[in-house]
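Colleague:
Chains as they are written, first to last, in the working numbering: chain Z, 71 to 393; chain Y, 71 to 393.
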């Protein structure tokens, strides 16, 4: 039996057929910008599903479930996408419309979830975690998250729970695009790290950094260049990293104080350089958590490999029906 | 049938027999300071249970469950209290020892949980909430919380989840007793409000407040006096309240972004004056939450009456076995 997963991202809509061992056996994608409105989106998804099944010679009776990861708030009762900023969707009767066009024998097999929840489901199931309480924190341009409790994903009333990036850790801090100030992702996302580095480079001390000889604009600065500077022993880069790790620890400590998960995993591009900071980060967290005197506490680890491939969104969507 | 609930607090150990309609039919308490160590505590609890049952003429076969709310981290597998700062307990084999002395026919009926979790269970069950996702926030000297998801209390790996008070909302803010800076409870607890008021009173503007004529030391200042000043229209007191509501909203918005609960209830002494600020608080929260464009969001309300009586700890402990 197979499952079909679709991950609706800001750039691509990626879809795949997933087998019993959680491998993608067929994959297709289209550009999100080619889809102009909800009705085009629904048609495009039905088309993707049809094309995938034809290519892989998978018949409806061989499909256990179809799942769609949507970047927005959802209403499980009405099957509506309540709000999806990146897609410009508001109160779209998503599930019902997709069911109407998806083809015979498939309508009853369709599920949806928030994209970050789907990714957490994918990581949790494919990673084989036995943790009863599991938190995944994904550090990219922003910071997202997913939480599994007692084998169920934490969805909240509108499927948009675990929005860790928009937890303020500094109520009079920098302006956040969400309208508040000092959100966790403003400091601890990959973007936050690059902003921190760029600001530091533009001080008299920072001008001496090897970063300043390699990069002449904020756009040229990226994680690869930054972590190379740290590896080369650049003093300024190392100080920036220390400051960044403090911010990251503050958000992680908050989340541990709130969930006390058995396991908290970190994923996203930043974790490729985790050898440079994971030990220090763990020490800061161990020192700061409220339950630090307890002999039982959260284990912090990197997400297992599969989350790096970008396929976790597809696999997770395919597995929504399980959780 | 009856349940027995015991709430171990910093001042009193309160115990009661709770009937099928969640009423306390018999109640006894002892002073926490009269119990010097874990073995005295275990003996005292067994004694309380025995005395309660004798007074109420309740026999072991009439008891469904006995629950103990403990202020600390717990290990469900070993039945140990891992750490309880207020009691000076560390790695105490609490459940096993209590089972050994509790008397015939009762040992298999004993449960424990963190005291804040027990209170949330009590509020949730006795309040008759139908919310799938439920958050209780208790604003007292500190800020505590409890979370119910899909009919189960969120315990975390050591039963100390939902420690909302120790979520930093200002990483370079005031020093917190937990060792970090700028924790939610430093700003938004009853204590936080009183500190805010006292600081404001000690400015040239604040000296004009009616508070300054009523109170001459920090110790004399209390919620009753403060809210009376607000009701009388005192400008300084009203400004302090506005600032306080901002801090409270910042923590509540964080918690909503993280849990997206159907319902978030507020309890604790501060809520007695909620008529003065609840509407403004709700407006700030509605404006700040990340999902504000979604048509489905968290309902904020005051905890139902029962939580004011102090009995909620006993009733909640008696109901631990249900969740």
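From the three backbone atoms N, C-alpha and C, an ideal C-beta is built for every residue, glycine too.
Check the Cβ of residue 249 of chain Y against every Cβ in chain Z and list those closer than 8 Å, keeping chain order.
Modeller: Stepping through the second chain from its first residue, residue 249 of chain Y is reached at position 179. Within chain Z, the residues near residue 249 of chain Y are 357, 358.
Colleague: Check whether the region 202–212 of chain Z and the region 320–336 of chain Z touch, using three or more Cβ-Cβ pairs below 8 Å as the test.
Modeller: yes
Colleague: Can you give me the start and stop residues for the alpha helix (DSSP H) that residue 178 of chain Z sits inside?
Modeller: As a working mapping, residue 178 of chain Z is identified with position 108 in the first chain. From DSSP, residue 178 of chain Z is part of no alpha helix (DSSP H); its letter is neither H nor E.
Colleague: Kindly indicate the opening and closing residues of the alpha helix (DSSP H) around residue 390 of chain Y.
Modeller: In the second chain, the residue the question calls residue 390 of chain Y occupies position 320. Residue 390 of chain Y -> no alpha helix (DSSP H), and no H or E assigned at all.
Colleague: Which residues in the same chain as residue 354 of chain Z place their Cβ atom closer than 7 Å to its Cβ, once the five residues preceding and following it in sequence are excluded?
Modeller: Residue 354 of chain Z sits at position 284 when you count from the first residue of the first chain. Only 315, 316, 319 meet the Cβ criterion.
Colleague: By the criterion of Cβ-Cβ separation under 8 Å, what are the contact partners of residue 106 of chain Z in chain Y?
Modeller: For the purposes of this step, residue 106 of chain Z is identified with residue 36 of the first chain, where counting begins at 1. By Cβ distance, chain Y contributes nothing, its closest Cβ being about 20 Å from residue 106 of chain Z, past 8 Å.
Colleague: By the 8 Å beta-carbon criterion, what residues does the region 149–166 of chain Z contribute toward chain Y?
Modeller: 152, 153, 155, 160, 161
Colleague: If residue 389 of chain Y and residue 191 of chain Y are in contact, beta carbons under 8 Å, what's the gap, nearest whole angstrom?
Modeller: One-based indexing of the second chain puts residue 389 of chain Y at position 319. One-based indexing of the second chain puts residue 191 of chain Y at position 121. Confirmed, about 5 Å.
Colleague: Taking a cut of 7 Å between CB atoms, which residues from the region 334–363 of chain Y lie near chain Z?
Modeller: For the region 334–363 of chain Y, which is checked against every Cβ of chain Z, the residues closer than 7 Å are 358, 360, 361, 363.
Colleague: Using a Cβ-Cβ cut-off of less than 9 Å, list which residues of the region 220–241 of chain Y approach chain Z; keep chain order.
Modeller: 220, 222, 224, 225, 226, 227, 228, 229, 230, 231, 232, 233, 234, 235, 236, 237, 238, 239, 240, 241
Colleague: Just the chain Z side, please: which residues come within less than 7 Å of residue 332 of chain Y by C-beta, in chain order?
Modeller: Within the second chain, residue 332 of chain Y is the residue found at index 262, counting from 1. Under the 7 Å cutoff, chain Z gives 227.
Colleague: Listing by chain order, which chain Z residues have their CB less than 9 Å from the CB of residue 365 of chain Y?
Modeller: Here residue 365 of chain Y is taken as the residue at index 295 of the second chain, counted from 1. What residue 365 of chain Y touches in chain Z: 143, 145, 150, 152, 153, 160, 161, 228.
Colleague: Hey, does residue 390 of chain Y have any beta-carbon neighbour from chain Z nearer than 8 Å?
Modeller: For the purposes of this step, residue 390 of chain Y is taken as residue 320 along the second chain, with counting starting at 1. False, the Cβ-Cβ gap to chain Z never drops below 8 Å.
Colleague: Scan the region 102–154 of chain Z and note each continuous alpha helix (DSSP H) run of 4 residues or more that stays entirely inside, going in chain order.
Modeller: Correct list: 108–125.
Colleague: Can we say the region 73–91 of chain Z touches the region 127–144 of chain Z, given the rule of at least three CB pairs closer than 8 Å?
Modeller: yes
Colleague: In angstroms with no decimal places, state the Cα-to-Cα distance between residue 139 of chain Y and residue 255 of chain Y.
Modeller: The count along the second chain starts at 1 and reaches residue 139 of chain Y at position 69. The count along the second chain starts at 1 and reaches residue 255 of chain Y at position 185. Using only the alpha carbons, I get a separation of about 22 Å.
Colleague: On the three-state DSSP scale, how would you describe residue 238 of chain Y?
Modeller: Along the second chain, one-based indexing puts residue 238 of chain Y at 168. Reduced to three states, the DSSP call for residue 238 of chain Y is strand.
Colleague: Is residue 386 of chain Z helix, strand or coil when you go by DSSP?
Modeller: On the first chain, position 316 is the one that residue 386 of chain Z refers to. Reduced to three states, the DSSP call for residue 386 of chain Z is helix.
Colleague: If the cut-off is 9 Å on Cβ atoms, which residues from the region 281–298 of chain Z count as contacting chain Y, listed in chain order?
Modeller: Contact annotation: in the region 281–298 of chain Z, no residue has its CB less than 9 Å from a CB in chain Y.
Colleague: Let me know the beta strand (DSSP E) ranges lying completely inside the region 309–339 of chain Y, each 3 residues or longer, listed in chain order.
Modeller: 333–337
Colleague: Residues of chain Z with CB under 7 Å from residue 368 of chain Y, in chain order?
Modeller: Counting from one through the second chain, the residue named residue 368 of chain Y turns up at place 298. Here the neighbours are 227.
Colleague: What's the gap between the Cα of residue 403 of chain Z and the Cα of residue 344 of chain Z?
Modeller: Any property of residue 403 of chain Z remains undetermined from this structure, which presents chain Z solely from 71 to 393.
Colleague: Can you grab the Cα-Cα spacing for the pair residue 34 of chain Z / residue 269 of chain Z, in whole Å?
Modeller: Since the first and last residues shown for chain Z are 71 and 393, residue 34 of chain Z lies out of range.
Colleague: In chain order, which continuous runs of the alpha helix (DSSP H) of length 4 or greater are located wholly inside the region 261–293 of chain Y?
Modeller: 280–284
Colleague: Taking DSSP's pairing of strands, which residues face residue 162 of chain Z in a bridge?
Modeller: Locating residue 162 of chain Z in the first chain gives position 92, counting from the first residue. Residue 162 of chain Z is bridged to Z:151.
Colleague: Could you name the residues of chain Y that residue 327 of chain Z contacts, counting a contact when the two beta carbons are closer than 7 Å?
Modeller: Against the first chain, residue 327 of chain Z aligns to sequence position 257. Those are 233, 236, 237, listed as they occur along chain Y.
Colleague: Measure the C-alpha to C-alpha separation of residue 173 of chain Z and residue 216 of chain Y and round it to an integer number of angstroms.
Modeller: The residue given as residue 173 of chain Z occupies position 103 in the first chain. The residue given as residue 216 of chain Y occupies position 146 in the second chain. In this structure, the CA atom of residue 173 of chain Z is about 45 Å from the CA atom of residue 216 of chain Y.
Colleague: Among Y:306, Y:274, Y:283, Y:261, which residue has its Cα nearest to the Cα of residue 292 of chain Y?
Modeller: As a first step, residue 292 of chain Y must be located in the second chain, where it is residue number 222. The option with the nearest alpha carbon to residue 292 of chain Y is Y:261.
Colleague: Using beta carbons (cut-off 8 Å, strictly below), is residue 320 of chain Y in contact with chain Z?
Modeller: For the purposes of this step, residue 320 of chain Y is taken as residue 250 along the second chain, with counting starting at 1. It does; some Cβ of chain Z falls within 8 Å.
Colleague: Can at least three beta-carbon pairs, one atom from the region 217–230 of chain Y and one from the region 242–250 of chain Y, be found at a separation below 8 Å?
Modeller: no
Colleague: For residue 245 of chain Y, name the three-state secondary structure that DSSP assigns.
Modeller: Taking the first residue of the second chain as position 1, residue 245 of chain Y is located at position 175. Residue 245 of chain Y falls in the strand class under three-state DSSP.
Colleague: To the nearest angstrom, how far is it from the Cα of residue 373 of chain Y to the Cα of residue 200 of chain Y?
Modeller: Residue numbering aside, residue 373 of chain Y sits at position 303 when the second chain is read from its first letter. Residue numbering aside, residue 200 of chain Y sits at position 130 when the second chain is read from its first letter. Taking the straight line joining both Cα atoms gives about 14 Å.
Colleague: DSSP beta-bridge partners for residue 99 of chain Z?
Modeller: Here residue 99 of chain Z corresponds to residue number 29 of the first chain, with the count starting at 1. Paired residue(s): Z:84.
Colleague: Show which residues of chain Z have a CB atom less than 9 Å away from the CB atom of residue 203 of chain Y.
Modeller: Counting from 1 along the second chain, the entry for residue 203 of chain Y is found at position 133. The answer, in chain order, is 224, 225, 226, 227, 231.
Colleague: Report the partner residues of residue 206 of chain Y according to the DSSP bridge assignment.
Modeller: Within the second chain, residue 206 of chain Y is the residue found at index 136, counting from 1. Answer is Y:216, Y:335.
Colleague: Within the 8 Å Cβ cut-off, does residue 324 of chain Y reach chain Z?
Modeller: Position 254 of the second chain, counted from the first residue, corresponds to residue 324 of chain Y. True, the Cβ-Cβ gap to chain Z drops below 8 Å.
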